[in-house]
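The C-terminal residue of the sequence shown carries number 435 in numbering that gives the first Met the number 0, and the numbering is unbroken. Glycine residues also receive a C-beta, built at the ideal position from the N, C-alpha and C atoms. Here's the structure, in structure tokens; my notes come after.
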Amino acid sequence: MMMMTDTILFVLQLLIVAIMNLFIFLFLERMYSPKYENKFVYVAAYFLTTALFIFVDILSEFIGFKLLNFVYAFLCIHILNHLLFKSNYKQTFIYNSVFVLALLVSNILTIAALSVFKDETFINIVQNPNDMIVSNVMYLFIMFFVWFIFVSVLSGGKVSVIKIKQIVLLGSFTIFETFVVDSYNKEVADQGFNIKTIIIIVGFLLLNVFLVHFIEQIIKSSRQKYEYGLVKNQNKIQLDNYIEISKKYEESRKMIHDIKKHLATLNALQNNDDKRAKEYGSLIEKKVDSLFMGFQCSNNILSIIMEQKITAAESEMIKVNTRVEDILFEFVDDLDMTAIFANLWDNAIEANLKVEISKRFINVIIGKVNDFIAISFENSFNGVVKEKIGGLISTKENHEGVGVSIIKASVEKYGGTLSIAYDENIFKVDILIPIQ
């Protein structure tokens with residue numbers, strides 16, 4: 000029976016190594032964009048690094064230097080990140096390092112938690128194969144728990160209510176599974192681990208695989224709903240812009256059709272009344288200018304958003320000042336451009352509507368500062384803010400700061416930062432995004 004226990008423990012240790020490497024790949028895949036479209040590259044890299052991980056684990060047991068696993072995992076995640084994924088290495092170095100450290104420290108914490116639960120010393124737990132099996136089973140569940148929390152926080156900028164519920168569910172399930180395995184271990188302590196023990200462990204692992212898949216589907220559905228909302232918003236912005244372009248096109252056709260009449264009238268006035276001729280010429284010039292006025296830059300999405308929102312703001316008697324450097328934004332996805340700039344404009348316009356007309360204004364500055372793109376939106380508001388969990392701020396009654404959270408998530412996706420400052424009359428949002 001002791002041999003079976005040792006065999007189960009050995010298999011579990013190998014499984015832990017394989018699953019830890021899997022979570023490293025899943026973390027990188029969720030956080031960063033892949034460099035290659037061929038998935039075989041990533042599958043081959045996973046099996047190669049897992050084989051090396053197993054070799055390092057066996058070697059560390061043989062030489063009695065367990066920290067070798069940490070060194071390998073630390074180097075592995077950074078090398079994989081550099082070779083297979085697109086990211087800003089200066090920032091991802093910290094994210095990746097903390098994630099690996101959390102995985103490895105969790106292993107120690109599971110043993111410590113079990114020693115407290117069983118009221119035994121740490122050394123006794125480590126030296127008891129049955130206790131180590133329970134600890135390893137618990138650690139398999141904890142790894143997913145750690146991965147889920149890191150991905151939720153880093154990719155979303157905050158842990159939403161639905162994610163908190165998922166985390167509580169996973170934590171409760173982990174405790175329950177550990178309790179069942181440990182209780183059964185006590186019942187068969189004299190007999191050693193038999194085939195029923197293996198069935199229980201495998202059953203829980205399969206159940207956790209299903210749970211992982213189920214939660215992934217929830218996250219995927221939530222993400223698709225969010226992206227659909229952005230696409231719908233972007234399509235509306237583009238449609239409104241195209242309608243405006245169509246109107247100007249029709250106006251230009253009429254203007255061109257009547258141009259000979261206007262020129263003849265202008266020529267007649269110049270011969271008879273020079274003052275009226277100048278006034279008429281000025282009217283023609285303004286009419287022509289109105290057909291071709293509009294915000295234009297190299298990024299088509301930004302041009303459309305700026306043109307539409309400037310028009311919308313001015314229709315509400317809001318004074319708009321813009322100082323925008325022509326930046327291509329080629330590394331920023333169109334959906335993220337919409338998420339950032341449409342929400343910045345909508346928030347600024349809505350805040351102005353609560354202020355008397357004479358005090359309404361929006362100042363927009365977009366430019367390059369060293370290796371960063373700096374975006375600044377400054378607007379008048381009524382001085383009322385709503386502080387939310389996670390530092391998110393809304394100026395709207397009964398509002399959860401969704402617009403700000405969307406902007407923040409999109410900015411942080413590219414390694415950028417968002418800061419908010421305000422006083423009694425002015426609300427300001429500053430964004431810095433590293434150029435990639």
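Legend entry - Neighbour-count burial assignment, T120, 16 or more Cβ in a 10 Å radius: exposed
Inset, instruction - Out of E36, D370, V403, N320, state which residue places its alpha-carbon closest to the alpha-carbon of L343. - result: V403
Inset, instruction - Express the C-alpha separation of V383 and E315 in angstroms, rounding to a whole number. - result: 20 Å
Legend entry - Whole runs of the alpha helix (DSSP H) within the stretch 29–103, excluding any shorter than 4 residues: 38–62, 66–83
Legend entry - Distance between V145 and A101 (C-alpha atoms, nearest Å): 7 Å
Inset, instruction - Kindly confirm or deny that the stretch 58–66 and the stretch 30–49 touch, where touching means at least three C-beta pairs closer than 8 Å. - result: no
Inset, instruction - Check the C-beta distance from I365 over to A312 and give it rounded, since I have them as a contact under 8 Å. - result: Not quite, the Cβ-Cβ distance comes to about 16 Å (not below 8 Å), so this is no contact.
Legend entry - CB of V95 within 9 Å of CB of I76, strictly: Note that residue 95 corresponds to Asn in the displayed sequence, not to Val. Yes, they are a contact pair.
Inset, instruction - List the endpoints of the continuous beta strand (DSSP E) containing K318. - result: 318–323
Legend entry - Selected residue, minimal CA-CA separation from F92, among V133, F54, L47, L27: L27
Legend entry - Exposure of Q307, with buried meaning 16 or more beta-carbon neighbours within 10 Å: buried
Legend entry - Beta-carbon proximity of K441 to L83, cut-off 9 Å: This structure does not reach residue 441, given that the chain is present from 0 up to 435, and the question cannot be answered.
Inset, instruction - Just mark S357 as buried or exposed, buried being the case when its beta carbon has 16 or more other beta carbons within 10 Å. - result: exposed
Legend entry - Pair within 9 Å by beta-carbon distance, L301 and F328: yes
Inset, instruction - Starting from D333, trace the alpha helix (DSSP H) both ways and give me its first and last residue. - result: 333–351
Legend entry - Close Cβ partners of Y138 (< 8 Å) along its chain, the five nearest in sequence each way excluded: I15, S105, N106, T109
Inset, instruction - Please confirm if N378 has its CB atom under 9 Å from at least one CB of chain B. - result: Given the protein chain composition of this structure (a single chain), no chain B is represented.
Inset, instruction - Pull up the distance between the alpha-carbon of F52 and that of Y71, whole angstroms please. - result: 7 Å
Inset, instruction - State yes or no: is the C-beta of Y413 within less than 9 Å of the C-beta of V331? - result: yes
Legend entry - Expected contact under 8 Å - CB spacing of I434 and G415 to nearest Å: I434 to G415, Cβ: 10 Å. No contact.
Inset, instruction - Using 10 angstroms around the beta-carbon of F213, count the other beta-carbons present and answer buried if the total reaches 16, otherwise exposed. - result: exposed
Inset, instruction - In the DSSP assignment, find the unbroken alpha helix (DSSP H) run with K308 in it and report its ends. - result: 299–314
Legend entry - Anticipated Cβ contact below 8 Å, V97 with F73, distance rounded: With a Cβ gap of about 11 Å, V97 and F73 do not count as contacting.
Legend entry - For G366, the residue or residues it bridges with in DSSP: A373
Legend entry - C-alpha distance - F46 paired with I78, whole-angstrom precision: 15 Å
Legend entry - Residue of D422, F360, S379, A341 minimising C-alpha distance to S409: A341
Inset, instruction - Confirm, please, whether the CB-CB distance from A338 to I405 is below 9 Å. - result: yes
Inset, instruction - Flag this pair as yes or no: are the beta carbons of E423 and L417 separated by less than 9 Å? - result: no
Legend entry - Backbone secondary structure at I361 - three-state DSSP: strand
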